[in-house]
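Peer 1: Take a look at this one; I'll ask things after.
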């Protein structure tokens, strides 16, 4: 073990493709670099069963394995990693102070690559029944719902991929979507519409999740007609997108109303020495490969900035 | 190094319920990606709480009875047992800090 230190050239917050790529670049530039991860190395992509669009893996690669490989590569060049929640990032007199649940650190440059977290529905019953029929991961939990009716909330790629997976287990899969058409890519829609045990509940939102101990039914509201209805299900899989986790950065870096960090094409936030990369920034394409690209870009411009400062 | 040991439906009572120390049970399955992310965190915790808390894992694909017995419908789930009773249930990928809080509570 190297001696615990608290002062680094670069601190990276977030251990997904953006943060890990940035770490590969800064570590290879021989900048002392600390990566702070809240949960587990890999980020969102690590929860993907298979990644088929990351260049260099013609047969696809598991998301977890991809994250581990990136981490190995960065660690090989000297990246250090700690697990902690970041409480604040504050510029102070040529240094940036990073306060975490694992202690206080300082760096000359910070790359914010904290990604986004799953959006919750925010309806009664959601918290109460998490692990009791409410799920956010169909590949994890589909097997618990064999021959039972389930619902999927959402209409994007992730939601429809989950719904298609569930048709192999559940007796019936009802997709509840607040619009009249899906946002998911065409090839997924074609597969979805061809499933005999998949149905669609258009123009509806979930108002409450109810049951005795376990999920038994959803209360739905038709957003066009105002008509209320009830759907009997044993499980509900929520896949309505992601939101950035940037509340603690308000007042530190510029953000859009959705909480996404605003950067220029160099990943600069406008605050000297502070960069943002990946899903956490505005206009991100939200792909592992674009996050990796953002991370590399941020690292290169951070390196230039540090050279000019020295 | 202390690593979580695998238990199955038949050894569960002996290893978990009759243990003298608190036991953290990691319920997982081979198809569950977030479960893979939990594993290295538990390896670290098993080291940090070595001698105080036992760590085991149950592959719920091979051992459906244990999952059914505790009403598990989502993985990863961590159950913390004390004196044969589940005292904490943590569903999904959780920060290490939160896991430690629950483990510390079980030690009191």
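Protein chains in written order, with my numbering: chain W, 1 to 310; chain S, 1 to 108.
Backbone N, C-alpha and C define an ideal beta-carbon position, used for all residues, glycine too.
Computed from a prediction, not measured in an experiment: that's the story for all the values here.
(1) If you measure from the beta carbon of residue 49(W) to each beta carbon in chain S, is any gap under 7 Å?
(2) Which partner residues of residue 70(W) appear in the DSSP bridge assignment?
(3) Along chain S, in chain order, which residues have C-beta atoms closer than 8 Å to that of residue 63(W)?
(4) Using a cut-off of 8 Å between C-beta atoms, extract the partners of residue 130(W) located in chain S.
(5) For residue 70(S), which residues of its own chain have a beta-carbon under 7 Å away from its beta-carbon, when the five flanking residues on both sides are left out?
(6) Using a Cβ-Cβ cut-off of less than 9 Å, list which residues of the stretch 211-233 of chain W approach chain S; keep chain order.
(7) Assuming residue 111(W) contacts residue 252(W) (C-beta within less than 8 Å), just tell me the rounded distance between them.
(8) Have a look at 55(W), 35(W), 61(W) and 57(W) and flag the residue whose alpha-carbon is nearest the alpha-carbon of residue 47(W).
(9) Determine, using beta carbons only, whether residue 141(W) comes closer than 7 Å to chain S.
(10) Could you compute how far the alpha carbon of residue 29(S) sits from the alpha carbon of residue 62(S)?
(11) Thinking residue 100(W) and residue 86(W) are a contact (beta carbons under 8 Å), I'd like their distance in whole angstroms, please.
(12) At what residue ranges does the stretch 156-181 of chain W contain a whole run of the alpha helix (DSSP H), taking only runs of 4 or more?
(13) Any idea what DSSP makes of residue 57(S), helix, strand or coil?
(14) Between residue 97(S) and chain W, is there a C-beta pair that is closer than 7 Å?
(15) Write down the C-beta distance between residue 67(W) and residue 45(W) rounded to the nearest angstrom, noting that I regard them as a contact closer than 8 Å.
(16) Helix, strand or coil: which one does DSSP assign to residue 217(W)?
(17) Note down, in chain order, each residue of its chain lying with its Cβ closer than 6 Å to the Cβ of residue 114(W), except the 5 sequence neighbours on either side.
(18) Give the interface partners of residue 291(W) over in chain S, defined as CB-CB distance under 7 Å, in chain order.
(19) In the DSSP assignment, what are the bridge partners of residue 243(W)?
(20) Answer with buried or exposed for residue 5(S), where buried requires no fewer than 16 other C-beta atoms within 10 angstroms of its C-beta.
Peer 2: According to the structure shown:
(1) yes
(2) According to DSSP, which records beta bridges pairwise, residue 70(W) is partnered with nothing at all.
(3) 33
(4) 74, 91 and 92
(5) 79 and 86
(6) 213, 214 and 215
(7) So it is not a contact: roughly 14 Å between Cβ atoms.
(8) 61(W)
(9) yes
(10) 8 Å
(11) 5 Å
(12) 157-166
(13) strand
(14) yes
(15) 6 Å
(16) strand
(17) 13, 14, 245 and 280
(18) None at all; the shortest Cβ gap to chain S is about 17 Å.
(19) 117(W)
(20) exposed
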